[in-house]
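Following the working numbering, the numbering of the sequence shown begins with 82 at its first residue and continues without gaps. Glycine included, each C-beta is placed from N, C-alpha and C at the ideal position.
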Amino acid sequence: MALVTGAGGGIGRGIARCLAEEGMALALADVVPAGAEAAAAEIEGGGGRAVALGLDVTRAGECRSAVEEVRSRLGGLHVVVNNAGVIGSPNLKLGLPLADLTEEDWDAAYAVNVKGVFLLCQAALPHLQAQRWGRIINISSRAGRDGRETIPHYSASKAAVIIFSQALAREAAPHGVTVNAICPGLIWSPMWERLAQLYRGKLPGLAGLSPREVFDHFVAQTPLRREQTPEDVGRAVAFLASEDARTITGQALLVDSGAVMH
Ligand SMILES: NC(=O)c1ccc[n+]([C@@H]2O[C@H](COP(=O)([O-])OP(=O)(O)OC[C@H]3O[C@@H](n4cnc5c(N)ncnc54)[C@H](O)[C@@H]3O)[C@@H](O)[C@H]2O)c1
82 MALVTGAGGG IGRGIARCLA EEGMALALAD VVPAGAEAAA AEIEGGGGRA VALGLDVTRA
142 GECRSAVEEV RSRLGGLHVV VNNAGVIGSP NLKLGLPLAD LTEEDWDAAY AVNVKGVFLL
202 CQAALPHLQA QRWGRIINIS SRAGRDGRET IPHYSASKAA VIIFSQALAR EAAPHGVTVN
262 AICPGLIWSP MWERLAQLYR GKLPGLAGLS PREVFDHFVA QTPLRREQTP EDVGRAVAFL
322 ASEDARTITG QALLVDSGAV MH
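Below, the structure is given as structure tokens:
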């Protein structure tokens, strides 16, 4: 039984599909309840088991209630995937030069990407530890391994996810719970569409390109020259959630066409 946050978004849907293929019952949560419901309907339509949950991961009380609700509706909870994330506030400004970065974007990224991960881990950990088996998988980013000058606030928040995962991995290890991060590269999703529009107006050489062409421009700079699909991330999640990954903890796995190699 797995709980996936941000399940209504591009990558969340891919993670849900891959975990359902492994036969897992799913609780699909999103701050936009309609997104969670659409994701759950897709999984159920494909013969899987999924329930939808409205959840704002920045609220401690909602995280605690969500864990209880999942345990009672699915009959247990073994895998927690912290996938909900934002690139900034709804009025996102790129942070290049740094003078342009707003406090609003910094706070939005930290509230969801960092505090949200902390709160849901804190709510779920006692249950995972008590059953002496659990998997926590936190979705970081390539930007968390190699800071991007256009999105310094987001890069810093995703680096925080990696270090937090390591710290928690040490605490949880004696109780049979592993904690890992995944660092996706370039996935065409609503988040990237938004970013591409901003890059087009700010970076040289991109004027006149469509958002998708801007995205392709960045893909072409990676060693494998391949974008990642939501399922590329989903399969990595399924592996880390499996028994095959029982001796892997505290790691940050890059799924990024070789863009970052350290
Ligand atoms: N798209 C990429 O190229 C890329 C690359 C690296 C990492 N990531 C990370 O992958 C994750 C998923 O990104 P995506 O591309 O699918 O983005 P997305 O915008 O398509 O999906 C994000 C989902 O999170 C939900 N969400 C936002 N705030 C929330 C909150 N407070 N509580 C619960 N849900 C909330 C949104 O409603 C949305 O459904 C994010 O953590 C993102 O930072 C994405």
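query: Backbone secondary structure at Val148 - three-state DSSP; result: helix
query: Inter-residue spacing [alpha-carbon to alpha-carbon] between Arg306 and Ile243; result: 25 Å
query: Exposure of Pro233, with buried meaning 16 or more beta-carbon neighbours within 10 Å; result: buried
query: Delimiting residues of the beta strand (DSSP E) encompassing Gly215; result: 215-220
query: As assigned by DSSP and simplified to three states, the class of Leu158; result: coil
query: 8 Å Cβ cutoff met for Met105 and Gly156; result: no
query: Terminal residues of the alpha helix (DSSP H) in which Leu209 lies; result: 197-211
query: Alpha-carbon spacing of Gly142 relative to Pro285, whole angstroms; result: 45 Å
query: Residues bridged to Pro265 (per DSSP); result: Val336
query: Local conformation of Gln302 per DSSP, three classes; result: coil
query: DSSP state of Asp313 mapped onto helix, strand, coil; result: helix
query: Ile218 Cβ short of 7 Å to ligand 1 heavy atom set; result: no
query: Cβ-heavy atom distance, Val113 to ligand 1, below 7 Å; result: yes
query: Bounding residues of the beta strand (DSSP E) (the contiguous stretch that carries Leu276); result: Note, Leu276: premise wrong, no beta strand (DSSP E); alpha helix (DSSP H) at 271-283.
query: Which of helix, strand or coil DSSP assigns to Asn163; result: strand
query: One or two residues paired with Thr351 in a DSSP bridge; result: The first residue shown for the chain is 82 and the last is 343, placing residue 351 beyond what the model contains.
query: Inter-residue spacing [alpha-carbon to alpha-carbon] between His298 and Leu173; result: 21 Å
query: Three or more C-beta pairs below 8 Å linking the region 88-98 and the region 157-176; result: yes
query: CB of Ile217 within 8 Å of CB of Leu334, strictly; result: no
query: Residue interval of the beta strand (DSSP E) (run including Ala83); result: 83-85
query: Arg154 vs Val132 beta-carbon contact at 8 Å; result: yes
query: Distance cut-off 7 Å: Arg223 Cβ against heavy atoms of ligand 1; result: yes
query: Whole-number beta carbon distance between Leu134 and Ala147, since they are thought to touch under 8 Å; result: 6 Å
query: Trp273 Cβ short of 7 Å to ligand 3 heavy atom set; result: With respect to ligand 3, the structure shown offers nothing to examine, as its ligands consist of ligand 1.
query: Collapsed DSSP secondary structure at Ala237 in the structure displayed; result: helix
query: Beta bridge counterpart(s) of Asp111 as assigned by DSSP; result: Gly135
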